[in-house]
Amino acid sequence: LGPAYIKFGQVLSTRPDVVGDELAVQLRVLQDKLPPFPLAQARATVARELEVDVDTVFSDFSEAVAAASIAQVHRARLRDSGREVAVKVLRPGIEKAFRRDVDAFYFAARMIELIAPSARRLRPMEVITHFEGVVLGELDLRMETASSAEFASNTAEDPGFQVPQAEWFLSSRRVMTLGWAEGIPANDIVAIEAAGHDRAALGERVLRLFLQHALRDGFFHADMHHGNLKIAENGDIIALDFGIMGRLDEYTRRAYAEILFGISKPATSRRTAMSMNSPAPCARWASRSSAWTRPASRWAAC
Numbered sequence: 001l002g003p004a005y006i007k008f009g010q011v012l013s014t015r016p017d018v019v020g021d022e023l024a025v026q027l028r029v030l031q032d033k034l035p036p037f038p039l040a041q042a043r044a045t046v047a048r049e050l051e052v053d054v055d056t057v058f059s060d061f062s063e064a065v066a067a068a069s070i071a072q073v074h075r076a077r078l079r080d081s082g083r084e085v086a087v088k089v090l091r092p093g094i095e096k097a098f099r100r101d102v103d104a105f106y107f108a109a110r111m112i113e114l115i116a117p118s119a120r121r122l123r124p125m126e127v128i129t130h131f132e133g134v135v136l137g138e139l140d141l142r143m144e145t146a147s148s149a150e151f152a153s154n155t156a157e158d159p160g161f162q163v164p165q166a167e168w169f170l171s172s173r174r175v176m177t178l179g180w181a182e183g184i185p186a187n188d189i190v191a192i193e194a195a196g197h198d199r200a201a202l203g204e205r206v207l208r209l210f211l212q213h214a215l216r217d218g219f220f221h222a223d224m225h226h227g228n229l230k231i232a233e234n235g236d237i238i239a240l241d242f243g244i245m246g247r248l249d250e251y252t253r254r255a256y257a258e259i260l261f262g263i264s265k266p267a268t269s270r271r272t273a274m275s276m277n278s279p280a281p282c283a284r285w286a287s288r289s290s291a292w293t294r295p296a297s298r299w300a301a302c
C-alpha cells in the first residue's frame, strides 16, 4: 500500500464506530508498526538535513522504535547533555509517493461522482481535497515542531499533562527532534491496569484537557486518539504527534462554551438555543500550517 492509503487506514483505526471493533483493532498496526526503512538511510537524512555528523551529536541512535506511513521515530541520546530524545525522520521519497496516491484518489472520486450521482451529496472531491491538505502539512516537520512548541507553552502549567520539549536546532523540514517521552501507550489497556492507573479517571482527564485547550487557548491537539497518547509512571498524560492541530477564534470559543454550559445547566437552555442560532462561528483545523477547510491557502478566512 502507498502512504496515502495507509494514512486513510490509520484514520479508520480510530473509528470502531464506523468500521467495527475487530477491523479497527487490525488497522491499529498501521499507526506505528509498519516496516521501517533502513537505519543507514535515516542517519543519512539526519546528517544532510541538520548538516551535522550524527555520531558527533548523538552518543546513541537506535533502530526505528516506531514506523508509520509518513515517518519513523528513533530513540537517541544527545552526546553533550546525555538527554534522551526522539528523532522523527520522513520516509525517503514520501512526497512523490503521496502525490501518486492522491492523484488516484481524485480519479476515484471523480468516477464516483459520474457513476453514482446520488453520492455527490457526500462531496467525495471535497473529502479528498481536505485529506490532501491535512497530509501535505505533515510533510514539513518544521510546522510540527512549531506546533509542539506552542502547545507546550500553552499547557506548561496544566497539572497531569506533558508535552515533550522541542529541540529547535535539531529539527528541519525532514527531521524533528523532541524530548523522549517514557510511558505506557494509551491503547495498552492491560499494561495501564497493571500499573494501577484508573482508566475512567484518565479518560475523563483527556476530555477535560481537550476542552480546556480548545476553549481556553483556542489551540488544541486535533488528533488526540490513543495512538498519540502515553501514560507516564506518575499518571500524567503525555501528548505526541502534533501534525494535526486545531484553532478556534474567540467568538467560536465563547459560542461553544455557552453550548456546553447550556447542556450541563438546563436552566440556560434558552441561552444555548440563542447561541446556536447565531451566525456560524469560524473553526480552523490546521495540519501544521494548512487550513482544514481551505488547504490551498495557509489559513481559512473567517
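The opening position of the sequence shown corresponds to residue 1 in the UniProt record's numbering, with each subsequent residue numbered one higher. All residues carry an ideal CB built from backbone N, CA and C; glycine is no exception. Please read these numbers as outputs of a predicted model, since none were measured by experiment.
Of the listed residues the options, nearest to residue i (C-alpha basis)
i: Ala44; options: Ala255, Pro92 and Arg121; result: Pro92
i: Val89; options: Leu50, Ala257 and Asp55; result: Leu50
i: Ile112; options: Arg99, Phe98 and Val127; result: Val127
i: Gly78; options: Phe98, Arg99 and Val54; result: Inspection of the sequence shows that residue 78 is occupied by Leu rather than by Gly. Here the closest residue by C-alpha is Val54.
i: Phe61; options: Arg48, Ala42, Ala71 and Ser69; result: Ala42
i: Phe37; options: Ser59, Glu182, Val52 and Ala66; result: Ala66
i: Leu27; options: Ile6, Ala47 and His225; result: Ile6
i: Thr129; options: Val57, Ala146, Ala104 and Phe151; result: Ala104
i: Ala97; options: Ala200, Leu136, Leu202 and Arg142; result: Leu136
Where residue i falls: helix, strand or coil (DSSP)
i: Ile231; result: strand
i: Leu114; result: helix
i: Leu248; result: strand
i: Ala301; result: At Ala301 the pLDDT is 37, less than 50, meaning the model places this residue with poor confidence and gives no usable figure here.
i: Arg270; result: Per-residue confidence for Arg270 stands at a pLDDT of 49, beneath the threshold of 50, marking its modelled position as unreliable; no derived number is given.
i: Val87; result: strand
i: Phe105; result: helix
i: Ala68; result: coil
i: Pro185; result: strand
i: Asp55; result: helix
i: Lys7; result: helix
i: Thr45; result: helix
Burial state of residue i, where buried means 16 or more other Cβ atoms lie within 10 Å
i: Trp292; result: Summary for Trp292: the model assigns pLDDT 39, below 50, so the residue's position carries little reliability; its value from the coordinates is reported in the next sentence. With 16 or more Cβ atoms within 10 Å of its Cβ, Trp292 is classed as buried.
i: Arg208; result: exposed
i: residue 377; result: Summary: the structure shown does not reach residue 377, with the chain confined to residues 1 through 302, and so no result is reported for it.
i: Asn234; result: exposed
i: Leu122; result: exposed
i: Glu132; result: buried
i: Thr155; result: buried
Beta-bridge pairing of residue i - partner residues as DSSP gives them
i: Ala194; result: According to DSSP, which records beta bridges pairwise, Ala194 is partnered with nothing at all.
i: Asp60; result: Arg77
i: Ala239; result: Leu229
i: His221; result: Met245
Contact with chain B by residue i, beta-carbon distance below 8 Å
i: Thr177; result: Absent from the structure: chain B. Only one protein chain is present.
Can you list, in chain order, the stretches of the alpha helix (DSSP H) that have 4 or more residues and sit fully within the stretch 118-180?
-> 124-138 and 141-154
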